[in-house]
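Straight run, no breaks: the sequence shown in UniProt numbering ends on number 324.
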Amino acid sequence: MLETVGVEPPDEEAYRALLTAPGCDVRELAGHLGRDEQELAATVERLEKLGLLTVTSDDPVRLLPTRPDVAVDALVAVRRAELDRVRAEARVLLSEVRAQEQHRPENLVEVIVGQEAIAARFAQLLNGTKNQLLVLDRPPYAAQAEKSDTTVRGLLGEGVVVHGIYSPDSLDIPGGVDEAYSAADAGETSRVHPQLPMKLAVFDAKAALLPLSVDQLTDSALVVHPCALLDALMEMFWLLWDQAVPVVPTAKADPTDARLMTLLAAGFKDDAIARQLALSSRTVGRRVAELMETLGARTRFQAGIHAQRRHLLEDDQRTTSAGD
Numbered sequence: 001m002l003e004t005v006g007v008e009p010p011d012e013e014a015y016r017a018l019l020t021a022p023g024c025d026v027r028e029l030a031g032h033l034g035r036d037e038q039e040l041a042a043t044v045e046r047l048e049k050l051g052l053l054t055v056t057s058d059d060p061v062r063l064l065p066t067r068p069d070v071a072v073d074a075l076v077a078v079r080r081a082e083l084d085r086v087r088a089e090a091r092v093l094l095s096e097v098r099a100q101e102q103h104r105p106e107n108l109v110e111v112i113v114g115q116e117a118i119a120a121r122f123a124q125l126l127n128g129t130k131n132q133l134l135v136l137d138r139p140p141y142a143a144q145a146e147k148s149d150t151t152v153r154g155l156l157g158e159g160v161v162v163h164g165i166y167s168p169d170s171l172d173i174p175g176g177v178d179e180a181y182s183a184a185d186a187g188e189t190s191r192v193h194p195q196l197p198m199k200l201a202v203f204d205a206k207a208a209l210l211p212l213s214v215d216q217l218t219d220s221a222l223v224v225h226p227c228a229l230l231d232a233l234m235e236m237f238w239l240l241w242d243q244a245v246p247v248v249p250t251a252k253a254d255p256t257d258a259r260l261m262t263l264l265a266a267g268f269k270d271d272a273i274a275r276q277l278a279l280s281s282r283t284v285g286r287r288v289a290e291l292m293e294t295l296g297a298r299t300r301f302q303a304g305i306h307a308q309r310r311h312l313l314e315d316d317q318r319t320t321s322a323g324d
């Protein structure tokens, strides 16, 4: 388990043994593990250097393991600092590449093949996001939803601005609306649009990931690096954002009516709304008719739009411009 933070398996074995027998000396630990005492002394030296144990001034010295949570947090911090240095060095190396090479077509667009490779590249781009994440969300999904959702929650906790636009299909899957509300509670600013043209994720305005097919889960996707195409994708996102309605409405409306109006504006039918709100279709139909009369709307979609224009469906406006 600790190999990813720089602890070799034999050293981890010794550390784990110390956790069950703190205060033993090198000879006792060697006997417990069935290892050579001289070889184990080198392990103890490495563990001490890593901060996983301390030695007493006794004769013979006693070995005291560091608490796992404290020790591992310190190792993770060291590894993170190392990775940040590597990332910074990569930026320096990029500046040494000739400008004409940086803008060659093969350097501006990556083709990712294979669902596992797509999911891995998505996770990599997510983990590298520091400032802003823009997402057009519609099924099908290549990555495990729970895993990516957890990562996005982590980004929100680190102060990353997340804007998401959901398709009705995203909200119609079991738990979809609840998940969208949960994301909003965590700090995501989200809206819903009745006709999202594609799936898309834009990371820090530096890279975009999009599938080659709109409606099918294919084995190919594109990663677009800074160029006119990336600028166009971001502009498309903000145009859709201006047309979309908030997933989580203002508190001005009754909570049930607020959700109902959001789902109406997203194009949901009575059965789908009833399923999301745990109401009967008959109750939903009656309430929709009442809302349409109150709002002076001729169609269901107009009811949702009128609600938005009357500021019954509001959220925080976008906090960064399309060019940021």
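Glycine residues also receive a C-beta, built at the ideal position from the N, C-alpha and C atoms.
Every value quoted in this text rests on a predicted model; they were computed, and no experiment measured them.
C-alpha distance - residue i paired with residue j, whole-angstrom precision
| i | j | result |
| --- | --- | --- |
| S182 | G159 | 17 Å |
| I273 | A120 | 35 Å |
| K269 | M261 | 12 Å |
| G175 | A205 | 30 Å |
| I173 | V161 | 25 Å |
| P10 | L33 | 10 Å |
| Y166 | N127 | 21 Å |
| G323 | D231 | The predicted position of G323 is uncertain, since its pLDDT is 42 and thus under 50; no value can be drawn from it. |
| H163 | D73 | 30 Å |
| M236 | V245 | 16 Å |
| Q124 | T151 | 11 Å |
| S190 | S170 | 12 Å |
| G23 | A30 | 13 Å |
| A14 | V70 | 17 Å |
| V111 | F122 | 13 Å |
| T319 | R85 | Residue confidence for T319 is low, a pLDDT of 47 falling below 50, so the modelled location carries little weight and cannot support an answer. |
| S57 | E82 | 33 Å |
| V113 | M1 | 30 Å |
| T43 | L63 | 12 Å |
| S280 | P140 | 28 Å |
| S148 | D59 | 52 Å |
| G51 | P68 | 10 Å |
With 16 other Cβ atoms within 10 Å as the buried cut-off, status of residue i
| i | result |
| --- | --- |
| K49 | exposed |
| E188 | buried |
| A278 | exposed |
| K130 | exposed |
| D271 | exposed |
| T66 | buried |
| D316 | The predicted model places D316 with a pLDDT of 49, which falls under 50 and marks its position as unreliable; any figure quoted below should be read in that light. Exposed, by the Cβ-count rule. |
| D178 | exposed |
| R282 | exposed |
| M234 | buried |
| R87 | exposed |
| L196 | buried |
| V61 | exposed |
| A289 | exposed |
Simplified DSSP assignment, three categories, for residue i
| i | result |
| --- | --- |
| R121 | helix |
| F237 | helix |
| G164 | strand |
| R191 | strand |
| L222 | strand |
| E116 | helix |
| A258 | helix |
| P211 | strand |
| V288 | helix |
| P174 | coil |
| L136 | strand |
| L279 | coil |
| V247 | coil |
Distance CB(residue i)-CB(residue j) smaller than 8 Å
| i | j | result |
| --- | --- | --- |
| R46 | E37 | no |
| P168 | G267 | yes |
| F203 | L156 | no |
| L263 | Q243 | no |
| H193 | L239 | no |
| V247 | A184 | yes |
| L136 | L200 | yes |
| L18 | L40 | no |
Legend entry - Given 8 Å, three or more beta-carbon pairs between the stretch 222 to 229 and the stretch 198 to 213: Output reads yes: the stretch 198 to 213 touches the stretch 222 to 229.
Legend entry - Three-pair Cβ contact test at 8 Å for the stretch 74 to 81 versus the stretch 3 to 15: Verdict: yes, contact present.
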